[in-house]
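**Q** Its first residue numbered 476, the sequence shown is counted upward by one per residue in this note's numbering.
Backbone N, C-alpha and C define an ideal beta-carbon position, used for all residues, glycine too.
Bear in mind that the values here come from a model prediction, so they are computed numbers and not experimental data.
Below you will find the structure I want to go over with you.
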Amino acid sequence: GGGGSRGGPPQGKFGNPGERLRKKHWNMDELPKFEKNFYQEHPDVTRRPPQEVENYLRSKEVTVKGRDCPKPMMKFHEANFPNYVMDVIVKQGWAEPTPIQAQGWPLALSGKDMVGIAQTGSGKTLAYLLPAIVHIQHQPFLEHGDGPICLVLAPTRELAQQVQQVAAEYGRASRLKSVCVYGGAPKGPQIRDLERGVEICIATPGRLIDFLEAGKTNLRRCTYLVLDEADRMLDMGFEPQIRKIVDQIRPDRQTLMWSATWPKEVRQLAEDFLKQYVQINVGALQLSANHNILQIVDVLTHSSSIMSEKENKTIIFTETKRRCDELTRRMRRDGWPAMGIHGDKSQQERDWVLNEFKYGKAPILIATDVASRGLDVEDVKFVINYDYPNSSEDYIHRIGRTARSQKTGTAYTFFTPNNMKQASDLIAVLREANQAINPKLLQMAEARGGNSYGG
Numbered sequence: 476g477g478g479g480s481r482g483g484p485p486q487g488k489f490g491n492p493g494e495r496l497r498k499k500h501w502n503m504d505e506l507p508k509f510e511k512n513f514y515q516e517h518p519d520v521t522r523r524p525p526q527e528v529e530n531y532l533r534s535k536e537v538t539v540k541g542r543d544c545p546k547p548m549m550k551f552h553e554a555n556f557p558n559y560v561m562d563v564i565v566k567q568g569w570a571e572p573t574p575i576q577a578q579g580w581p582l583a584l585s586g587k588d589m590v591g592i593a594q595t596g597s598g599k600t601l602a603y604l605l606p607a608i609v610h611i612q613h614q615p616f617l618e619h620g621d622g623p624i625c626l627v628l629a630p631t632r633e634l635a636q637q638v639q640q641v642a643a644e645y646g647r648a649s650r651l652k653s654v655c656v657y658g659g660a661p662k663g664p665q666i667r668d669l670e671r672g673v674e675i676c677i678a679t680p681g682r683l684i685d686f687l688e689a690g691k692t693n694l695r696r697c698t699y700l701v702l703d704e705a706d707r708m709l710d711m712g713f714e715p716q717i718r719k720i721v722d723q724i725r726p727d728r729q730t731l732m733w734s735a736t737w738p739k740e741v742r743q744l745a746e747d748f749l750k751q752y753v754q755i756n757v758g759a760l761q762l763s764a765n766h767n768i769l770q771i772v773d774v775l776t777h778s779s780s781i782m783s784e785k786e787n788k789t790i791i792f793t794e795t796k797r798r799c800d801e802l803t804r805r806m807r808r809d810g811w812p813a814m815g816i817h818g819d820k821s822q823q824e825r826d827w828v829l830n831e832f833k834y835g836k837a838p839i840l841i842a843t844d845v846a847s848r849g850l851d852v853e854d855v856k857f858v859i860n861y862d863y864p865n866s867s868e869d870y871i872h873r874i875g876r877t878a879r880s881q882k883t884g885t886a887y888t889f890f891t892p893n894n895m896k897q898a899s900d901l902i903a904v905l906r907e908a909n910q911a912i913n914p915k916l917l918q919m920a921e922a923r924g925g926n927s928y929g930g
């Protein structure tokens with residue numbers, strides 16, 4: 476046992492997280508029956524000619540894999556959501572469903588298991604939350620001592636809180652209660668909310684395991700499970716916790732899994748948790764960089780020129796916590812308003828730094844990858860990769876912190892001979908996004924053998 480490892484999420488007091496949770500053995504005959512298919516195709520959808528559907532999916536870069544996938548809905552009214560949900564949609568002024576919603580809603584409302592591969596900002600939160608509301612409305616009311624009907628697992632406190640805000644907006648009119656459960660905050664208020672009874676629980680895996688072990692909540696009533704940003708949760712070392720949690724949920728539940736990338740670890744999780752699932756991909760099947768980002772790759776030069784534009788928010792990524800601290804110290808010594816954030820800092824300090832950054836009080840943020848997960852700040856003008864990340868997927872994620880909501884941004888990357896094996900991957904990302912390629916980078920890739928190695 477022992478006190479938290481420095482790398483992954485901290486261990487529980489009993490060595491392994493969830494050690495005291497026993498895998499449940501379900502007797503399907505004894506479980507109360509529940510409904511999960513509420514989908515009635517709207518006549519407008521039924522009448523839509525296959526060619527029009529085909530063109531829509533192609534123009535929105537949506538690909539679908541799996542059997543019996545219902546047709547997408549291109550207008551909000553085609554989803555037949557309850558009026559109080561439609562009122563919020565109208566109030567928020569959305570023109571039409573995003574592609575992931577258009578194809579995701581009919582699937583989720585049909586009670587099918589699904590995987591959605593889509594970038595942040597694709598509208599995925601509503602893609603799973605609105606069907607969750609419909610699902611909950613069709614279940615018996617919660618009794619005293621019941622746990623949530625819908626569970627959303629998320630990698631970070633920030634993402635969990637964002638999801639809960641949306642759940643609160645749409646759940647208010649239907650009197651659905653939601654709670655956000657995460658580490659780094661007092662347990663008392665979270666326990667109180669859980670014990671009062673909530674239909675929707677949005678949680679980070681570590682804190683939820685604590686509560687399940689302590690008997691503060693249970694997942695006996697959970698029939699709608701969402702894994703949001705599954706790739707991030709695995710990156711952060713949460714797989715054992717996720718498996719423990721899912722073992723506590725009845726196997727005939729409906730499961731929706733969301734991820735920005737589709738590496739083999741995420742595929743394995745989908746195979747283990749989902750049944751006959753349909754996979755929706757939005758955007759290029761190969762992860763590609765947002766084309767609104769100007770990508771500049773400097774092969775080994777100094778970081779002096781970039782900072783001349785004082786009022787621009789900048790995130791600088793480093794590989795290690797030590798480098799993050801060093802760079803923060805150096806920049807502050809030279810008079811730059813920089814602050815650092817990494818996994819060893821307390822949640823309180825991380826929140827404070829993020830706030831200072833968000834509101835422009837400290838316009839330069841120096842961060843490690845883990846600390847940047849789920850970081851959603853508007854108007855970031857520059858992303859600087861002080862150290863090149865381990866993979867082109869991480870590179871695309873990092874630079875995706877700029878150019879949010881159709882704005883433009885610039886990404887600077889320092890690339891050294893140590894990163895040589897990534898050169899051809901990076902060139903492929905730059906080519907796809909029509910970016911200029913530094914001749915030194917090309918030389919480096921050629922020196923490594925001329926052909927572009929995969930992976």
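Just tell me which of P574, E670, F556, Y887 has its CA closest to the CA of Y416.
**A** In the structure as shown, the chain starts at 476 and stops at 930, and residue 416 therefore has no counterpart that could be examined.
**Q** Please classify S534 as buried or exposed, where buried requires at least 16 other C-beta atoms within 10 Å of its C-beta.
**A** That one is exposed.
**Q** Identify, in the order they occur along the chain, each residue of the same chain with its Cβ nearer than 8 angstroms to the Cβ of V641, setting aside the five sequence neighbours on each side.
**A** Hits under 8 angstroms: T600, L601, L604.
**Q** Inspect the CB distances between the segment 826–838 and the segment 860–878 and report whether three or more fall short of 8 angstroms.
**A** With the cut-off at 8 angstroms, the segment 826–838 and the segment 860–878 do not touch.
**Q** Can the beta-carbon of V855 be found less than 8 angstroms from the beta-carbon of R876?
**A** It is a contact, given that the beta carbons lie within the stated cut-off.
**Q** I need the DSSP call for I717, collapsed to helix, strand or coil.
**A** Here I717 sits in helix by DSSP.
**Q** Using the Cα positions of P545 and L582, report the straight-line distance between them to the nearest angstrom.
**A** Spanning the two alpha carbons is a distance of roughly 6 angstroms.
**Q** Considering only the beta carbon of each residue, do I771 and I874 sit closer than 8 angstroms?
**A** No, the pair does not count as a contact, with Cβ atoms beyond the cut-off.
**Q** Buried or exposed, going by whether 16 or more other CB atoms sit within 10 Å of the CB of G765?
**A** Here residue 765 turns out to be Asn, not Gly, going by the sequence shown. Label assigned to N765: buried.
**Q** What's the C-alpha gap between V741 and T538?
**A** Their Cα atoms are separated by approximately 18 angstroms.
**Q** On the premise that D588 lies in contact with K836, defined as a C-beta separation below 8 angstroms, what is that separation, rounded to the nearest angstrom?
**A** About 45 angstroms; that fails the 8 angstroms criterion.
**Q** Going by DSSP, which residues form a beta bridge with M814?
**A** BP columns for M814 point to L840.
**Q** Select from G620, R696, G541 the residue whose C-alpha is nearest the C-alpha of K508.
**A** Closest by alpha carbon: R696.
**Q** Within 8 angstroms, do at least three Cβ pairs link the segment 507–521 to the segment 546–559?
**A** The segment 546–559, when compared against the segment 507–521, does touch it at the 8 angstroms Cβ threshold.
**Q** Going by DSSP in three states, N860 sits in which element: helix, strand or coil?
**A** In the structure shown, N860 sits in a strand (DSSP, three-state: E or B).
**Q** Out of Y834, P838, T793, point me to the one whose CA is closest to M462's CA.
**A** Past the edges of the chain, shown from 476 to 930, lies residue 462, and the structure says nothing about it.
**Q** Does the beta-carbon of L506 have 16 or more other beta-carbons within 10 angstroms, so that it is buried, or is it exposed?
**A** By the 10 Å Cβ count, L506 comes out exposed.
**Q** Leaving out five residues before and five after K652 in sequence, what residues of the same chain have Cβ atoms less than 8 angstroms from its Cβ?
**A** So the list reads G646, D668, R671, G672, V673, E674, I675, once near-sequence residues are dropped.
**Q** Do K691 and I724 have their beta-carbon atoms positioned less than 8 angstroms apart in this structure?
**A** Not a contact, by the Cβ cut-off of 8 angstroms.
**Q** Going by beta carbon distance, what residues of the same chain come within less than 6 angstroms of K566, once the five residues before and after it are set aside?
**A** So the list is empty, once near-sequence residues are dropped.
**Q** To the nearest angstrom, report how far apart I611 and Q576 are at their CA atoms.
**A** Cα-Cα distance, rounded: 19 angstroms.
**Q** Just to confirm the assignment, what range does the alpha helix (DSSP H) spanning Q754 have?
**A** Taken as a continuous stretch (DSSP letters only), Q754 belongs to no alpha helix (DSSP H), being part of the beta strand (DSSP E) at 753–757.
**Q** I believe H817 touches T789 by the beta-carbon criterion, under 8 angstroms. Please report the beta-carbon distance rounded to the nearest angstrom.
**A** 17 angstroms between Cβ atoms; not a contact.
**Q** Which residues bound the alpha helix (DSSP H) around C799?
**A** Unbroken alpha helix (DSSP H) run through C799: 796–808.
**Q** Which residue spans inside the segment 549–616 form an unbroken beta strand (DSSP E) run of at least 3?
**A** Counting only runs of 3 or more, we get 589–592.
**Q** With a threshold of 8 angstroms on Cβ separation, who are the neighbours of A660 within its own chain once the five nearest residues in sequence on each side are excluded?
**A** Counting only Cβ-Cβ distances below 8 angstroms, and skipping sequence neighbours, we find R632, Q822.
**Q** Please list the terminal residues of the continuous beta strand (DSSP E) segment that includes S653.
**A** Where S653 is concerned, the enclosing beta strand (DSSP E) stretches over 653–656.
**Q** Who are S866's beta bridge partners in DSSP?
**A** The partner list for S866 (beta bridge, DSSP) is empty, contrary to what the question assumes.
**Q** Taking C-beta to C-beta, are E553 and T736 nearer than 8 angstroms?
**A** No, these two residues do not count as a Cβ contact at 8 angstroms.
**Q** Using three-state DSSP, classify T521 as helix, strand or coil.
**A** Three-state DSSP puts T521 in a helix.
**Q** Three-state secondary structure (DSSP) at N913?
**A** DSSP places N913 in coil when its eight states are reduced to three.
**Q** So if DSSP puts D773 in a beta bridge, which residue, or which two residues, is it bridged to?
**A** According to DSSP, D773 bridges with F889.
**Q** In terms of alpha-carbon separation, which member of A911, N894, F556, I791 lies closest to S649?
**A** Taking only the C-alpha atoms, the option nearest S649 is F556.
**Q** Could you spell out the range, first to last residue, of the beta strand (DSSP E) harbouring L678?
**A** In the sequence as presented, Leu is not what sits at residue 678; that position holds Ala. Looking at the DSSP string, the run of the beta strand (DSSP E) that includes A678 is 675–678.
**Q** So what does DSSP say about I666, is it helix, strand or coil?
**A** Of the three classes helix, strand and coil, the one that applies to I666 here is helix, per DSSP.
**Q** Taking the alpha carbon of H857 as the reference point, which residue from N865, G568, Y887, V845 has its own alpha carbon closest?
**A** The sequence given here has Phe at residue 857, not His. Cα-wise, what sits closest to F857 is Y887.
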